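Colleague: Numbering-wise, my numbering comes out as the position in the sequence shown, counting from 1, plus 380.
Cβ coordinates follow ideal geometry from the N, Cα and C atoms, glycine included.
Note that the coordinates shown come from a computational prediction; the quantities given were computed from them, not determined experimentally.
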Amino acid sequence: MNDKAMQLIEASIDLFAQEGFWNTPTSRIAKHAGVGTGTLFNYFESKDGLIDAVYKQLKQEWMVHLLAGFPQDGTL
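(1) Candidates Thr-417, Gly-400, Ala-385: which alpha carbon is nearest Thr-406's?
(2) Quick one: what does DSSP say Met-443 is sitting in, helix, strand or coil?
(3) Determine the direct distance from the alpha carbon of Val-434 to that of Ile-393, and round the result to whole angstroms.
(4) Pull up the distance between the alpha-carbon of Ser-426 and that of Leu-420, whole angstroms please.
(5) Please say whether Ala-413 and Asp-390 have beta carbons closer to each other than 9 angstroms?
Structure, rendered in structure tokens:
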């Protein structure tokens with residue numbers, strides 16, 4: 381994922397946490413990320429597509445933290 385897409389995801393996480401998904405317009409997300417609204421839609425086809433990317437990013441980060449506590453050789 382490139383830098384602009386990550387900026388949009390991070391801006392979404394910040395704003396959704398503050399204002400909620402339904403109360404956060406895509407124009408505010410784009411502005412918070414430092415890009416135009418058109419750029420947002422170049423990376424994500426809809427707000428639903430953006431929330432899907434947010435979910436995947438948070439899930440990936442959570443898994444990294446979860447698995448960090450287990451031995452790397454696969455034994456428990």
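Modeller: On the basis of the supplied data:
(1) Position 26 of the sequence shown, counted from the first residue, corresponds to residue 406. Minimum Cα distance to Thr-406 is reached at Thr-417.
(2) Here the question's residue 443 lines up with position 63 in the sequence shown. DSSP places Met-443 in helix when its eight states are reduced to three.
(3) Here the question's residue 393 lines up with position 13 in the sequence shown. Here the question's residue 434 lines up with position 54 in the sequence shown. Computed Cα separation, rounded: 7 angstroms.
(4) As a working note, residue 426 is residue 46 in the sequence shown. As a working note, residue 420 is residue 40 in the sequence shown. Ser-426 and Leu-420: Cα-Cα distance of roughly 9 angstroms.
(5) Start at 1 with the first residue of the sequence shown, and residue 390 comes out as number 10. Start at 1 with the first residue of the sequence shown, and residue 413 comes out as number 33. What sits at residue 390 in the sequence shown is Glu, not Asp. Their beta carbons are under 9 angstroms apart, which means Glu-390 touches Ala-413 by this criterion.
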